[in-house]
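Engineer:
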Amino acid sequence: MKYQYSSAAVLTTGIAALLATPLLFVIYSALTTDGALWIRLWQTRLPFLFSNTLSLLLAVGLISLVLGVSLAWIMARYEFTGKRIWKWLVLLPFAMPGYVLAYAYATIMAPGGIFHNFWVLIGGDLASMPSLYSFWGVALILSLVNYPYVYLLTYMSLLKTNAHYEESALLAGASKTRVAWSITLPMARPAIIAGLALALMEVLADYGTVALLRYPTFTEAIVRQMQARFDPYGAAAIGAVVLILTISLMLIERYFRGRKSYTQVVGGARAYQPQKLRGKSLVLVSGFFLLIAVFAFFAPVAMLIRLSLMGSVIPDLLSSLLSSLIVAFIGATVAVVVVLPIAYLNVRNKTFLSKISSYAVAMGYSLPGPVIAVGLTLLVTTFVPALFGGFVVLIFAYLVRFSPIALQSQEAAIQQVSTNLEDAARILGKSPIQTVREITLSLIKPAVFTAWILVFVDIIKELPATMMLRPLAFDTLAIQVWMMASEELWELAAAPALLIVIVGLFPIIYFVGKMEQGGGGRDGKGI
Amino acid sequence: MDRKLKFSLKTALIAAAVILMAFGIPATKALAGELVIYSGRHYVDAIMDEFTKQTGIKLTFHRGGTVELFNRMMAEGDRTPADLLITVDAGTLERARIAGALHPFTSDVINLAIPAKLRAPDNSWVGLTTRTRVIVYNPELVTQEEIDLLNSYSAVTLPQFKGRLGIRTGSNVYPQSHAAMMIAQRGEAYTLAWLKGLVRNAGDNIFPSDMRVVEAVAAGEVHLGLVNNYYVYRGLLDPKWNIPPTRLAYIVPEQATDQLGQAFNISGIAISAHSKNKENAVKFIEFLTGAAANADIAQGNHEYPANPAAAALPQMRPLIELRLSPVPLAVMARYMVPAIDLIDKAGYR
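The listed protein sequences correspond, in order, to chains A and B.
For the first sequence, position 200 (counting from the first letter as 1) is numbered 200 according to the numbering used here, and the numbering increases by one without interruption.
Take any residue in the second sequence, count from 1 to its spot, add 527: that is its number in the numbering used here.
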């Protein structure tokens, strides 16, 4: 059956090409940069940034792996009191941008803060008090906000594992530990690695946490290169190095996500029957969950609430909230609309071009905000200077970064719509456009809405690209948190930070609700 | 709901979004004669109102970080809506001048009011207030012997101050221009050693603002620090802080003739090369450098007025008693990028 391929193909390729321009421009600028700059960067910064960034990735990867997999294991394999609540609680850190968690802990560890006072109380030597402004401080904060990626994907995968394999192994006399290591975990490995890759991409993209805690990474160096030196070409060069890292992570993630069928469910597949936890093990497990929930969510949120109630609220809180809501609304709406034709074409009429388009858009998710901002700054100031510092550029940056989320969820949804339905509508005399509108769109509406929420929340939380591209005096909630927190005006940052966390809770509530209904569906990317 | 209606609703929303975005395009369009000012410093509004009252020229301020505004102006190029740029340091202004973003001009009024040392040679930028780098300390925690020892910037890097020193982040222009001035006088090796000493002695006590350093000194979190002079006065004189002098005092270092002289900087103003209102802009600078307004803006922030005829706060140590670094600010500014490089190299975050 024929759709208007040619015009649709032109449209989708156009959109994809547009969304890929910042990335291409960063690469182009880096390639055409003269060698002297590279030599200077190599002599002054690159090796040190490499070791800083890689060691951070390693540490966060390990911690998230341990936290995520152990939580997922317990959740999938055991039945215990309060499990329904814990299912929510372990996902709560998704609502916390790293910079909010870092800021909350900075207030807790600062002189006069709870931890500082506690340390003094127990007679600890202040000189040997653990410092948040250290490698492990940064690694812990970033692990606490990103372990849910590993957790969620691992959990989903463990739920789907066929119990037969494990039971057979047990019957054959293998020990439980041996079964776990040689059967269960290897089967869940694709999911675990995909989750890990997502978490690490977030670490690479993070600016707020590392900048607030003064731990230099590639992303932080890009912003610094732009802001302190106003050197967009140097920034683009560092950006290109980051790209190699993030794109390889993205490819790893895609590769392993595609291999989910490892746990194929054919014929007599049977879900694992969770074991009941009682007594000492119940206490231990509950304690573990509580510990994580308190450290990753309740303690910092309690601190934010306490600081918010201390009286001084920034005067423009309301207008900041409004600014955030407006750009997030526009960005999310445009994102779900522009990727629709790309998703549709790539599912229904897969061609080389449609695949390339889909990849070009998806690539955006691997771009850290500062890299997009550098690419856009170079691009816009070179070709359309009139647009610089306007909303169009800012929204465009959001599209590049977050429309992949919309693309992925719509592609998945369209895949599930049977072509028979569309054919039937065509036979009954509907035009192709009518068919898409009345059949496909109405069937994928939930997925579109899901994507909309995810993009909306991600835009609210986004910091570095907003910071580098926003119109003058356009202060979103994230910007307010950042400006106040980086000046250590702790109380003033609290209210906008709290608002961001509250907005971030919505998708979690929504998705856990959906998971409870047994849908599962999404892999949690980008929540 | 009817599906058609739903669809038209969606279309309307998208249309609304597009229109909203389109309206966002022009950054700021100025009224005729109005001055748009990118300001990295907050001045008392009353002084600005006074200018509008006297001349009828409307002022629109866009406030932000000095470097942020400078970057924005550079990126906007000849489309910048800014007529004037106000910054908290001369280094940024000189970089803007070298980049061709500023408009040089001649004004006898300004030439008379502001000493040549505090202006660009061609008046591309003009100093409004002078600020100096001092060593702030807590008299309850630093002994007299130590105070005697602290007569140079390098003294704060001595081993006995390890863990007792507070400094501001190296990403800020104040430490950067301080280091630039030092490079101009003593070279890169000397400056790098100094920066490394700062980092060693400060440890975790790196603060996001000079005011936080002052607060930390007064609270005893650290015993001494490096800050701009007016933050000390703000801590002592501003009712919001009201720190007693028993807990907050400062040292003016580098006063001997063989020493560096006190590092200093300005807050300054410049006209954008692309301003359409250059005459009004000159008028505004003449107003701000005039003795009355200049005294007001300096006193409002406990700084020294750039115009010697304007009075500083009586509580402040007179500028004339201080031996400042002989390095002209335009020369200091040339070493800003090397200074940033050294700061990175020293691991000073």
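By construction, the Cβ of each residue, glycine as well, lies at the ideal position given by its N, Cα and C atoms.
Just so you know, these numbers come straight off a predicted model, no measurement behind them.
Taking TYR664 (chain B) as part of the beta strand (DSSP E), name the residues at either end of that continuous run.
Structural biologist: The residue given as residue 664 (chain B) occupies position 137 in the second sequence. Per DSSP, TYR664 (chain B) belongs to the beta strand (DSSP E) from 652-664.
Engineer: Let me know the alpha helix (DSSP H) ranges lying completely inside the stretch 150-193 of chain A, each 4 residues or longer, listed in chain order.
Structural biologist: Correct list: 163-171 and 176-179.
Engineer: Give the range of the alpha helix (DSSP H) segment to which TYR344 (chain A) is assigned.
Structural biologist: Reading the first sequence from its first residue, position 344 is the one you call residue 344 (chain A). Note, TYR344 (chain A): alpha helix (DSSP H), 317-348.
Engineer: Kindly indicate the opening and closing residues of the beta strand (DSSP E) around ALA776 (chain B).
Structural biologist: Here residue 776 (chain B) is taken as the residue at index 249 of the second sequence, counted from 1. Where ALA776 (chain B) is concerned, the enclosing beta strand (DSSP E) stretches over 776-778.
Engineer: Quick check on SER403 (chain A): buried or exposed, where buried means 16 or more other Cβ atoms within 10 Å of its Cβ?
Structural biologist: The sequence position of residue 403 (chain A) within the first sequence is 403, counting from 1. When all chains shown are included, SER403 (chain A) counts as buried.
Engineer: What is the DSSP secondary structure of GLN275 (chain A), reduced to helix, strand or coil?
Structural biologist: The residue labelled residue 275 (chain A) in the question sits at position 275 within the first sequence. Note: GLN275 (chain A) maps to strand in three-state DSSP.
Engineer: Does the beta-carbon distance from GLY239 (chain A) to ILE222 (chain A) come in below 8 Å?
Structural biologist: For the purposes of this step, residue 239 (chain A) is identified with residue 239 of the first sequence, where counting begins at 1. For the purposes of this step, residue 222 (chain A) is identified with residue 222 of the first sequence, where counting begins at 1. Cβ distance < 8 Å, so GLY239 (chain A) and ILE222 (chain A) count as in contact.
Engineer: Are any of the Cβ atoms in chain A nearer than 8 Å to that of LYS767 (chain B)?
Structural biologist: As a first step, residue 767 (chain B) must be located in the second sequence, where it is residue number 240. For LYS767 (chain B), the answer is no, since every Cβ of chain A falls outside 8 Å of its Cβ.
Engineer: Would you list the residues sitting across from ASN792 (chain B) in a DSSP beta bridge?
Structural biologist: By one-based count along the second sequence, residue 792 (chain B) stands at place 265. Per DSSP, B:ARG658.
Engineer: With DSSP as the reference, label GLY747 (chain B) as helix, strand or coil.
Structural biologist: Residue mapping note: residue 747 (chain B) aligns to position 220 of the second sequence, counting from 1. Of the three classes helix, strand and coil, the one that applies to GLY747 (chain B) here is coil, per DSSP.
Engineer: Under DSSP, the beta strand (DSSP E) around THR587 (chain B) begins and ends at which residues?
Structural biologist: Sequence index remark: in the second sequence, residue 587 (chain B) carries index 60 (1-based). It spans 586-590 - the beta strand (DSSP E) in which THR587 (chain B) sits, taken as one unbroken run.
Engineer: Chain B partners of TYR133 (chain A), CB-CB under 8 Å?
Structural biologist: As a first step, residue 133 (chain A) must be located in the first sequence, where it is residue number 133. Per Cβ cutoff of 8 Å: ASP731 and ILE733.
Engineer: Could you tell me which uninterrupted beta strand (DSSP E) segments, each at least 3 residues in length, are contained entirely in the stretch 566-625 of chain B, listed from first to last along the chain?
Structural biologist: The stretch 566-625 of chain B contains these whole beta strand (DSSP E) runs: 586-590 and 611-614.
Engineer: Could you list which residues in chain B have their beta carbon closer than 7 Å to that of ARG224 (chain A), in chain order?
Structural biologist: Working through the first sequence from its first residue, we reach residue 224 (chain A) at position 224. In chain order: SER698.
Engineer: Is DSSP giving GLY239 (chain A) helix, strand or coil here?
Structural biologist: Here residue 239 (chain A) corresponds to residue number 239 of the first sequence, with the count starting at 1. In the structure shown, GLY239 (chain A) sits in a helix (DSSP, three-state: H, G or I).
Engineer: What separation, rounded to the nearest whole angstrom, lies between the Cα atoms of VAL241 (chain A) and THR816 (chain B)?
Structural biologist: Residue mapping note: residue 241 (chain A) aligns to position 241 of the first sequence, counting from 1. Residue mapping note: residue 816 (chain B) aligns to position 289 of the second sequence, counting from 1. Going from the Cα of VAL241 (chain A) to the Cα of THR816 (chain B) covers about 48 Å.
Engineer: With distances taken between CB atoms, is the gap from GLY654 (chain B) to ILE637 (chain B) smaller than 8 Å?
Structural biologist: On the second sequence, position 127 is the one that residue 654 (chain B) refers to. On the second sequence, position 110 is the one that residue 637 (chain B) refers to. No, these two residues do not count as a Cβ contact at 8 Å.
Engineer: For LEU851 (chain B), write down the residues that DSSP places opposite it in a beta bridge.
Structural biologist: As a first step, residue 851 (chain B) must be located in the second sequence, where it is residue number 324. Note: LEU851 (chain B) sits in a beta bridge opposite B:GLN789.
Engineer: Unbroken alpha helix (DSSP H) runs of length 4 or more, entirely within the stretch 47-129 of chain A: which are they?
Structural biologist: The qualifying runs are 83-89, 98-109 and 114-121.
Engineer: Along the alpha helix (DSSP H) that carries GLY35 (chain A), what are the first and last residues, could you check?
Structural biologist: The sequence position of residue 35 (chain A) within the first sequence is 35, counting from 1. Here the alpha helix (DSSP H) through GLY35 (chain A) covers 35-44.
Engineer: Tell me the DSSP secondary structure of GLY752 (chain B) in three-state form.
Structural biologist: If you number the second sequence from 1, residue 752 (chain B) lands on position 225. DSSP places GLY752 (chain B) in strand when its eight states are reduced to three.
Engineer: Considering only DSSP beta bridges, list what GLY693 (chain B) is partnered with.
Structural biologist: The residue given as residue 693 (chain B) occupies position 166 in the second sequence. Bridge partners of GLY693 (chain B): B:GLY752.
Engineer: Taking 8 Å as the CB-CB limit, is THR801 (chain B) close to chain A?
Structural biologist: Translated into the one-based positions of the second sequence, residue 801 (chain B) becomes position 274. The displayed chain sequence assigns His, not Thr, to residue 801 (chain B). It does not; no Cβ of chain A falls within 8 Å.
Engineer: May I have the straight-line CA-CA distance separating PRO370 (chain A) from ALA328 (chain A), to the nearest angstrom?
Structural biologist: Within the first sequence, numbered from 1, the residue matching residue 370 (chain A) stands at position 370. Within the first sequence, numbered from 1, the residue matching residue 328 (chain A) stands at position 328. Roughly 18 Å between the two C-alpha positions.
Engineer: Taking the alpha carbon of LEU763 (chain B) as the reference point, which residue from B:ASN755, B:THR684 and B:ARG774 has its own alpha carbon closest?
Structural biologist: Taking the first residue of the second sequence as 1, we reach residue 763 (chain B) at position 236. Here the closest residue by C-alpha is B:ARG774.
Engineer: At which residues does the alpha helix (DSSP H) containing LEU376 (chain A) begin and terminate?
Structural biologist: Along the first sequence, read from residue 1 onward, the residue named residue 376 (chain A) stands at position 376. Residues 369-383.
Engineer: Which residues in the same chain as MET738 (chain B) place their Cβ atom closer than 6 Å to its Cβ, once the five residues preceding and following it in sequence are excluded?
Structural biologist: Walking along the second sequence from the start, residue 738 (chain B) turns up at place 211. Closer than 6 Å at Cβ, skipping near neighbours: TYR758.
Engineer: Let me check understanding here. Comparing Cα to Cα, which of B:ALA873, B:ASP605 and B:ALA839 lies closest to ASN821 (chain B)?
Structural biologist: Within the second sequence, the letter at position 294 stands for residue 821 (chain B). Checked all of B:ALA873, B:ASP605 and B:ALA839; the closest Cα to ASN821 (chain B) is B:ALA839.
Engineer: With distances taken from CA atoms, which of B:PHE811, B:ALA808 and B:THR659 is nearest TYR701 (chain B)?
Structural biologist: For the purposes of this step, residue 701 (chain B) is taken as the residue at position 174 of the second sequence. Nearest of B:PHE811, B:ALA808 and B:THR659 to TYR701 (chain B), Cα basis: B:THR659.
Engineer: Would you tell me roughly how many angstroms separate the C-alpha atoms of ALA199 (chain A) and PHE474 (chain A), rounded to the nearest one?
Structural biologist: As a first step, residue 199 (chain A) is located in the first sequence; it is residue number 199 there, counting from the start. As a first step, residue 474 (chain A) is located in the first sequence; it is residue number 474 there, counting from the start. Cα to Cα, the separation comes out at about 30 Å.
Engineer: Work out the CA separation of THR450 (chain A) and LEU57 (chain A) for me, nearest whole Å.
Structural biologist: As a first step, residue 57 (chain A) must be located in the first sequence, where it is residue number 57. As a first step, residue 450 (chain A) must be located in the first sequence, where it is residue number 450. Looking at the two C-alpha atoms, the distance is approximately 29 Å.
Engineer: If you measure from the beta carbon of ILE552 (chain B) to each beta carbon in chain A, is any gap under 8 Å?
Structural biologist: Start at 1 with the first residue of the second sequence, and residue 552 (chain B) comes out as number 25. Note on ILE552 (chain B): pLDDT 41, under 50, position unreliable in the model; the coordinate value appears next. It does; some Cβ of chain A falls within 8 Å.
Engineer: Over what stretch of residues does the alpha helix (DSSP H) that includes LEU725 (chain B) continue unbroken?
Structural biologist: On the second sequence, position 198 is the one that residue 725 (chain B) refers to. Start and end: 715-729.
Engineer: Name the two residues that bound the continuous alpha helix (DSSP H) containing THR466 (chain A).
Structural biologist: Counting from one through the first sequence, the residue named residue 466 (chain A) turns up at place 466. 464-469 is the span of the alpha helix (DSSP H), which, as asked, contains THR466 (chain A).
Engineer: Helix, strand or coil for SER131 (chain A)? Go by DSSP, reduced to three states.
Structural biologist: What you label residue 131 (chain A) is simply residue 131 of the first sequence in a count that begins at 1. Note: SER131 (chain A) maps to coil in three-state DSSP.
Engineer: By DSSP, does SER634 (chain B) sit in helix, in strand, or in coil?
Structural biologist: As a first step, residue 634 (chain B) must be located in the second sequence, where it is residue number 107. The answer is coil: DSSP assigns SER634 (chain B) none of H, G, I, E or B.
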